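See below for the structure under consideration.
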Amino acid sequence: MNTRKSLGRGLLALLALAMTAAACGGDDAASGTKDAATQTTASRAGSSSATSAAADPKADWPDTLRVAAVPSAEEKAQLERYQPIVDVLEEELGIPVEFNFATSYSAVIESMIANKTDVAGFGAFSYVIATGNGAALEPIAISTQEGEEPVYRSYGITQANNTAIDSIEDFAGKTVCFVDPGSTSGYLFPSAGLLEVGINPETGVKGTFAGGHDSSALSVANGTCEAGFAFDTMLTSTLIDQGDLKGIVDTVEDETVNKDQAELKIVWKGPEIPNGPFAMQNSLPASLQSEIKRIFLEDINVKAFVASGRCASADDCKLGDDDAAGYAAVDDATYDGVRKVCEQTKSARCALS
């Protein structure tokens with residue numbers, strides 16, 4: 006046997022085997038390289054997307070933030086009180102903020118239910134109606150006054166010289182001005198007060214809706230209504246500061262203002278009510294919700310406004326319907342007491358009409 010030829014054939018066989026193995030290995034390596042390349046590409050794409058989101062955290066924010074508030078005063082006065090809030094939101098969010106004046110509480114409630122408004126200033130009752138009728142809302146903040154609890158009360162009033170009405174019991178059969186079917190202090194709590202003394206708020210008085218707390222009070226002052234309801238500071242400060250009322254006599258507690266010039270007298274005071282909240286759609290981007298809350302809690306307050314020159318002094322600074330000094334954190338459970346009053350009164354107004 007030719008040893009050299011045998012060795013040559015063996016080497017050729019081994020070479021062929023090695024080449025086959027290399028070819029197979031090459032396919033696996035190529036596949037592995039391709040998978041690695043695919044993973045790298047995907048990783049880069051994800052990284053690019055994350056980088057893009059980080060570069061533009063407002064990418065999913067709306068083009069315009071739509072804001073509204075339940076009406077407590079006539080349009081000009083309300084716009085003046087909400088404009089500073091709108092201005093700060095617009096400047097700090099960096100997107101246009103549109104404030105829409107609403108002519109009724111139901112307009113704001115229905116707009117929030119239909120997701121046509123992003124942020125709204127509510128009364129406690131209108132917030133409860135909205136959330137009870139399908140509005141998916143996130144409370145933002147509750148208004149506060151310096152050194153005071155964030156609560157207010159409903160007052161029952163009549164003309165100062167009306168000797169026929171000295172208490173809420175005397176409202177029976179009288180022409181009574183309520184504010185709005187969705188008003189906490191202008192309808193729900195007054196209804197509870199009337200029911201407590203045996204007067205049906207639907208049939209026991211000649212009720213009418215004035216549309217705003219200022220209109221209710223002034224309708225009583227000018228004799229259009231014999232009695233009526235409005236929230237406390239609208240009567241004791243706002244209307245007097247604006248020059249719309251000269252004074253008011255308090256026959257329940259000692260809070261008389263300009264007694265000698267009083268046009269109205271307070272004959273009933275309801276229990277404390279939590280101030281109404283600002284609330285927003287919980288479908289808004291989480292980053293936007295977080296920023297809106299931060300702005301309300303940190304930057305929308307009288308001290309900050311005076312320091313920045315937005316207000317000449319604290320006395321000139323009026324925020325929102327209730328002359329807020331600022332805003333504090335709030336949660337939905339704050340309004341469970343209002344829900345209980347709905348249950349107690351069994352008022353049809355507690356459901357969206």
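Sequential numbering from 6 applies to the sequence shown in this note's numbering. Positions of the beta carbon are idealized from the N, C-alpha and C atoms, including for glycine. No experiment lies behind these values; they were computed from the predicted model shown.
#### Entry: Sequence-distant residues of its chain with Cβ nearer than 7 angstroms to Leu-185 (five each side left out)
The amino acid occupying residue 185 in the given sequence is Asp; Leu does not appear at that position. Closer than 7 angstroms at Cβ, skipping near neighbours: Ser-109, Tyr-110, Gly-191, Tyr-192, Phe-214, Gly-216.
### Task
Could you say if the segment 91-99 and the segment 292-303 meet the contact criterion of at least three C-beta pairs nearer than 8 angstroms?
These segments touch.
### Query
Where Gly-361 and Thr-261 are concerned, what is the direct C-alpha to C-alpha distance, given to the nearest angstrom?
Any question about residue 361 goes unanswered here, given that the chain covers just 6 to 358.
### Query
By DSSP, does Asp-68 sit in helix, in strand, or in coil?
Correct three-state label for Asp-68: coil.
### Message
Considering only their Cβ atoms, is the gap separating Ile-173 from Val-202 smaller than 8 angstroms?
### Response
Yes, they are a contact pair.
### Query
In whole angstroms, what is the alpha-carbon distance linking Leu-302 and Thr-168?
Spanning the two alpha carbons is a distance of roughly 46 angstroms.
### Query
Between the C-alpha atoms of Thr-149 and Leu-324, what's the straight-line distance to the nearest angstrom?
Distance between Thr-149 and Leu-324, taken at the CA atoms: about 10 angstroms.
### Task
For Trp-66, collect the residues of the same chain with a Cβ closer than 7 angstroms to its Cβ; drop the 5 residues on either side in sequence, then sort them by chain order.
Only Ile-100, Pro-290, Leu-293 meet the Cβ criterion.
#### Entry: Complete beta strand (DSSP E) runs within the segment 142-166 (minimum length 3 residues, chain order)
Within the segment 142-166, the runs of beta strand (DSSP E) at least 3 residues long that lie entirely inside it are, in chain order, 142-149, 159-164.
### Task
Could you have a look at Gln-266 and say whether DSSP puts it in helix, strand or coil?
In the three-state scheme derived from DSSP, where H, G and I count as helix and E and B as strand, Gln-266 is classed as helix.
### Query
In three-state DSSP terms, what is Gln-286?
Reduced to three states, the DSSP call for Gln-286 is strand.
### Task
Quick one: using the 10 Å Cβ neighbour count with 16 as the cut-off for buried, is Leu-196 buried or exposed?
For the record, residue 196 in the displayed sequence is Ser; it is not Leu. With 16 or more Cβ atoms within 10 Å of its Cβ, Ser-196 is classed as buried.
### Which listed residue (Pro-144, Ser-221, His-218, Ser-131) has its alpha carbon closest to that of Val-343
Minimum Cα distance to Val-343 is reached at Ser-131.
### Message
Our contact map puts Arg-354 next to Ile-278 with C-beta atoms below 8 angstroms; I'd like the distance itself, whole angstroms only.
### Response
Between Ile-278 and Arg-354 the Cβ distance is about 15 angstroms, and since that is not below 8 angstroms, they are no contact.
### Selection from Ala-165, Met-285, Asn-227 that minimises the alpha carbon distance to Ile-145
Closest in C-alpha terms to Ile-145, from the list Ala-165, Met-285, Asn-227, comes Met-285.
### Message
Rounded to the nearest angstrom, what separates Leu-269 and Ser-224 at their Cα positions?
### Response
Per the coordinates, the alpha-carbon of Leu-269 lies some 11 angstroms from the alpha-carbon of Ser-224.
### Task
Compute the beta-carbon to beta-carbon distance between Val-181 and Ala-232, rounded to the nearest angstrom, for a pair I have assumed lies under 8 angstroms.
About 5 angstroms separates the two Cβ atoms, so the contact holds.
### Task
Please classify Thr-136: is it buried, with 16 or more other beta-carbons within 10 angstroms of its beta-carbon, or exposed?
The residue is buried, with at least 16 neighbouring Cβ atoms inside 10 Å.
### Task
Please state whether DSSP places Leu-324 in a helix, a strand or coil.
Residue state, collapsed to three classes: strand.
### Exposure of Gly-178, with buried meaning 16 or more beta-carbon neighbours within 10 Å
In summary, Gly-178 is exposed, with fewer than 16 beta-carbon neighbours lying within 10 Å of its beta-carbon over all protein chains present.
### Task
Alpha carbon to alpha carbon, how far is Phe-283 from Ile-305? Give it in angstroms, no decimals.
For the pair Ile-305 and Phe-283, the Cα-to-Cα distance works out to about 12 angstroms.
### Query
According to the neighbour-count rule (16 or more other Cβ atoms, all chains shown, within 10 Å of its Cβ), is Thr-243 buried or exposed?
Looking at its Cβ environment, which holds 16 or more other Cβ atoms inside 10 Å, Thr-243 is buried.
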